[in-house]
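Encoded as structure tokens, the structure appears first; notes follow it.
Listed below in structure tokens is the structure:
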């Protein structure tokens, strides 16, 4: 007959305070988890500095920031105030001509007088373009839309995408009414300029 000896389980290993085994445990954890983290990072879509595919709205937002620098405001804006970009029914703090940019979401046309640039979304164009333009007709507000035919309806600029690039058209009549002077540098890039 054979005898079998059974060993009792040992107590779990514990580090004494102020001992060097804490560092050893950290190293073992790193050896185990580092390959997992490296794999996750190297195969993520953001690795190797690959830029994200820009969405239509990211492109248009970047375009609006750059576009805001071109018209000269009819009155001097205090350097300590903000440049208000307003979005009717629809984007990181940036600066336009040394002014901090504030992005405001507006749904009430009566509150648009504080805007310097007003982006009019497609839904607002189809629902309330005329009433919006009536509310802001006396103010120096650069209006920007992204719907076909809005430049003929008294919007100053209209954006579009053609072959993956932002294009725009400009209407000088509402720009002059708003006392905005669009620079020749800007207008030479316009697909169409309406007088």
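Residue numbers (my numbering): 910 to 1104.
Cβ atoms here follow ideal geometry from the backbone N, Cα and C, with glycine treated the same way.
Treat the numbers as computed from the prediction; the structure is a model and nothing was measured.
What residue does the beta strand (DSSP E) around residue i start on, and which one ends it?
i	result
residue 1037	Careful: residue 1037 lies outside any beta strand (DSSP E), inside the alpha helix (DSSP H) at 1031-1045.
residue 1051	1051-1054
residue 1057	Neither: residue 1057 is in no beta strand (DSSP E) and is coded neither H nor E.
Less than 8 Å between the C-beta atoms of residue i and residue j, yes or no?
i	j	result
residue 1082	residue 1100	no
residue 1036	residue 1054	no
residue 1049	residue 1021	no
residue 1060	residue 1103	yes
How many Å lie between residue i and residue j at the Cα?
i	j	result
residue 1091	residue 1084	7 Å
residue 1023	residue 995	9 Å
residue 1065	residue 1051	6 Å
residue 1086	residue 1047	8 Å
Report all residues from its chain with a CB closer than 6 Å to the CB of residue i; omit the five preceding and five following residues, and keep chain order.
i	result
residue 1056	1031 and 1034
residue 1063	1042 and 1083
List the endpoints of the continuous alpha helix (DSSP H) containing residue i.
i	result
residue 1087	Where residue 1087 is concerned, there is no enclosing alpha helix (DSSP H), given that its DSSP letter is neither H nor E.
residue 1096	1093-1096
Quick check: is any heavy atom of the ligand NAD less than 7 Å from the C-beta of residue i?
i	result
residue 1088	Among the components of this structure there are no ligands whatsoever, and the ligand NAD is therefore not found.
Can you give the beta carbon distance from residue i to residue j, rounded, assuming they're within the 8 Å contact cut?
i	j	result
residue 1042	residue 973	Residue 1042 to residue 973, Cβ: 18 Å. No contact.
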